[in-house]
Amino acid sequence: MKEPVVTEASLISAIQQLKLEFPTYGIKKVTVTLNERMPEWTVSEKRVKKIMQAQGLTQSEPVIKKSGVEDDPSVPVSYIDPTLDFTSISSNITAKMVDPVTGKGLFTTRDIAKDEVIFQELPFAYFPPWEGFTMARQGSACGMCAKPLLRSSVLPFHCPHCNINYCSKQCKSTAWETFHPLECTSINPEMHAFMKFCEQEAWSAPMAVSRMYCHLMLAHQRGELDKVMHHYDAFATVNQAERQAKETEWIFMEHPTRELWAKARSLLRKTLHPPPKKSKIIHPLPTELSQRLFDDEDTFLNYMGKFNINNQSGGMYLVQSHINHNCTPNVCIEFSGNAQYKLSVRAVRDLKKGEQLFETYVNPRWNKETRINYLNKSYMFQCNCLRCEKDTPLTDELRAGLRLRQE
Numbered sequence: 029m030k031e032p033v034v035t036e037a038s039l040i041s042a043i044q045q046l047k048l049e050f051p052t053y054g055i056k057k058v059t060v061t062l063n064e065r066m067p068e069w070t071v072s073e074k075r076v077k078k079i080m081q082a083q084g085l086t087q088s089e090p091v092i093k094k095s096g097v098e099d100d101p102s103v104p105v106s107y108i109d110p111t112l113d114f115t116s117i118s119s120n121i122t123a124k125m126v127d128p129v130t131g132k133g134l135f136t137t138r139d140i141a142k143d144e145v146i147f148q149e150l151p152f153a154y155f156p157p158w159e160g161f162t163m164a165r166q167g168s169a170c171g172m173c174a175k176p177l178l179r180s181s182v183l184p185f186h187c188p189h190c191n192i193n194y195c196s197k198q199c200k201s202t203a204w205e206t207f208h209p210l211e212c213t214s215i216n217p218e219m220h221a222f223m224k225f226c227e228q229e230a231w232s233a234p235m236a237v238s239r240m241y242c243h244l245m246l247a248h249q250r251g252e253l254d255k256v257m258h259h260y261d262a263f264a265t266v267n268q269a270e271r272q273a274k275e276t277e278w279i280f281m282e283h284p285t286r287e288l289w290a291k292a293r294s295l296l297r298k299t300l301h302p303p304p305k306k307s308k309i310i311h312p313l314p315t316e317l318s319q320r321l322f323d324d325e326d327t328f329l330n331y332m333g334k335f336n337i338n339n340q341s342g343g344m345y346l347v348q349s350h351i352n353h354n355c356t357p358n359v360c361i362e363f364s365g366n367a368q369y370k371l372s373v374r375a376v377r378d379l380k381k382g383e384q385l386f387e388t389y390v391n392p393r394w395n396k397e398t399r400i401n402y403l404n405k406s407y408m409f410q411c412n413c414l415r416c417e418k419d420t421p422l423t424d425e426l427r428a429g430l431r432l433r434q435e
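In short: position in the sequence shown from 1, add 28, done, that's my numbering.
Written out as structure tokens, the structure reads:
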């Protein structure tokens, strides 16, 4: 028998989650879907309408426009995340879709002076270089940002189960909210084998995928799964197999590479599915999502490709990831302090309001052929910027703007 009453707070939360998942749903579709998903509730269309009007949810949002080419899986797919608040990062920028192949881009909302820091950002997901990860496991670097720690310093922030220390309360909180309860080898002993395998191969991408999966599982415990999924889905995504098929030697390497992928997937599944009891995961992931993450090879390869084409020194940044490439960039990416964690985007020349931001995905000192080959293999596009078109050298002005050392 259906329960006649559902609390107002529970209903508001459920409606908000539905609108996040299906922005175009109106009152009628929301009501039908609610009753299908929560058969123990009795929810009338009149009550849903009243709540949606009060919460400002009656206006359907536009359909999300995604980049990509239908018949060409090598073109990365991305979209502008409607749940991402750009103003929380900076009022200096806004995102726009450029075209189906380029995808999204980041644009200025005002004039920007040369050397001005346009915005700073912390990563949404992060796996440090192996040296930093090894130091963190030994307790000599922060378990979140991998900042080296002084052995003589007093470290009040640490994992009560393992050797992991943190440089701040914020780093500990972020780690525990996004991955550590499932990555801690004292809580989850199965993680040992997966880590050892990745370390032997010096392979960061599967560790990053593991942290993204952990993030989804832990977000679900807080009722934030849809929001976190939206953020990950909006990153430019291309299947790792498509990336590696660009390599000349792929015809010889495909079989051993796929065996390596299968081994990584098997170990990851054993590590996280099901999660260890000590991790206190109360709410399992929805069955369909769990099957995709742990049983579907393409999903695993999509997350690997997502990490490989978006990460900056191991970090995946929600806003910075909108910045496209140009061999004559107008901004540069910088890290402050002795950890490659908090990112700054600095203007290398004066910028006008409405101008698109461009960084360089390559070493600007490289010649045209090297740049084009690298971009084609690693980022799946042919660069047609003015510098490539005219095959011009690196100018002294750009060298100075990027603060490159003299060769």
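Heads up, the beta-carbon is just placed ideally off N, CA and C, and yes, glycines get one too. No experiment lies behind these values; they were computed from the predicted model shown.
Spatial neighbours of residue i in its chain, beta-carbon cut-off 8 Å, leaving aside the 5 residues before and after
i	result
R239	A153, Y154, F155, T206, F207 and E211
E36	I79
K94	V105, S106 and Y107
Where the beta strand (DSSP E) containing residue i begins and where it ends
i	result
F50	Looking at the DSSP string, F50 is not in any beta strand (DSSP E), and its letter there is neither H nor E.
E159	Not the beta strand (DSSP E): E159 falls in the alpha helix (DSSP H), residues W158 to R165.
F409	First-last for F409: undefined, no H or E at that position.
I146	V145 to E149
Rounded straight-line distance, which links the Cα of residue j to that of residue i
i	j	result
R415	A375	19 Å
M29	D254	Low confidence applies here, because M29 scores a pLDDT of 42, under 50, leaving its location unreliable; read the following figure in that light. Cα to Cα, M29 sits roughly 29 Å from D254.
T388	S41	42 Å
F225	A292	8 Å
K77	K47	13 Å
I92	Y107	7 Å
S196	A174	11 Å
F335	D424	33 Å
E31	Q148	In this predicted model, E31 has a pLDDT of only 45, less than 50, meaning its place in the structure is not dependable enough to derive any value.
L317	F263	18 Å
R393	Y402	13 Å
G251	L313	11 Å
Y241	L321	8 Å
E397	M66	58 Å
K305	P128	45 Å
K118	H258	Looking at the sequence itself, residue 118 is Ser, so the reference to Lys does not match. Cα to Cα, the separation comes out at about 20 Å.
E228	P157	Contrary to the premise, residue 228 reads as Gln rather than Glu in this sequence. Computed Cα separation, rounded: 14 Å.
Q267	T61	Before going further, note that residue 267 is Asn rather than Gln in the sequence given. The alpha-carbon atoms of N267 and T61 are separated by roughly 32 Å.
V97	N395	29 Å
G54	L85	9 Å
P151	G343	5 Å
W69	R271	47 Å
H189	K308	14 Å
G333	T420	31 Å
Y194	P209	14 Å
T285	N404	20 Å
C187	F161	15 Å
D326	A428	43 Å
N339	Y260	12 Å
L371	V359	13 Å
Same chain, Cβ closer than 7 Å to residue i, neighbours up to 5 away in sequence not counted
i	result
R179	S168
I310	Q249
P176	M163, S168, A169 and N366
H243	A153, T206, F207 and V256
P103	Sequence check: residue 103 is Val here, not Pro. Result list for V103: G96, V97, V129 and M408, in chain order.
K56	E73
M114	Before going on, a small fix: residue 114 reads as Phe here, not Met. Counting only Cβ-Cβ distances below 7 Å, and skipping sequence neighbours, we find I121, T122, A123 and V347.
Integer-rounded CB distance, given that residue j should sit under 8 Å from residue i
i	j	result
T122	N352	Not confirmed; about 14 Å, so no contact.
T265	V390	Not really, about 21 Å apart at Cβ, beyond 8 Å.
C413	T356	6 Å
I146	V373	5 Å
L134	L385	5 Å
A203	G171	6 Å
W289	L329	7 Å
K200	H350	Actually they are not in contact, since the Cβ atoms of K200 and H350 sit about 29 Å apart, beyond 8 Å.
D378	K142	5 Å
V34	V58	Contact doesn't hold; Cβ gap of about 14 Å is too wide.
N- and C-terminal bounds of the alpha helix (DSSP H) containing residue i
i	result
A230	It is not in any alpha helix (DSSP H) - A230 carries neither H nor E in the DSSP assignment.
H259	L253 to A262
L426	D424 to G429
P209	H208 to E211
E316	T315 to D323
Cutoff 6 Å; reference residue i; Cβ partners in own chain excluding five residues on either side
i	result
K25	Given that the chain is displayed from residue 29 to residue 435, the structure contains no residue 25 and the question cannot be resolved.
R138	K381
I192	G171
Chain B contact for residue i (CB, 8 Å cutoff)
i	result
R271	The displayed structure is made up of one protein chain only, and chain B is not part of it.
beta-carbon residue i near the ligand ZN non-hydrogen atom, thresh 7 Å
i	result
W158	Of ligands this structure carries none, so the ligand ZN is not represented either.
Give, in chain order, every unbroken run of the beta strand (DSSP E) that is at least 3 residues long and sits entirely within the region 64 to 134.
Within the region 64 to 134, complete beta strand (DSSP E) segments of at least 3 residues are found at 121 to 127, given in chain order.
Within the region 325 to 380, note down every full beta strand (DSSP E) run reaching 3 residues or more, in order along the chain.
Segments of the beta strand (DSSP E) lying fully in the region 325 to 380: 359 to 363 and 371 to 375.
Mind listing, in chain order, the continuous alpha helix (DSSP H) runs of no fewer than 4 residues lying wholly within the region 255 to 307?
Runs found: 268 to 272 and 278 to 300.
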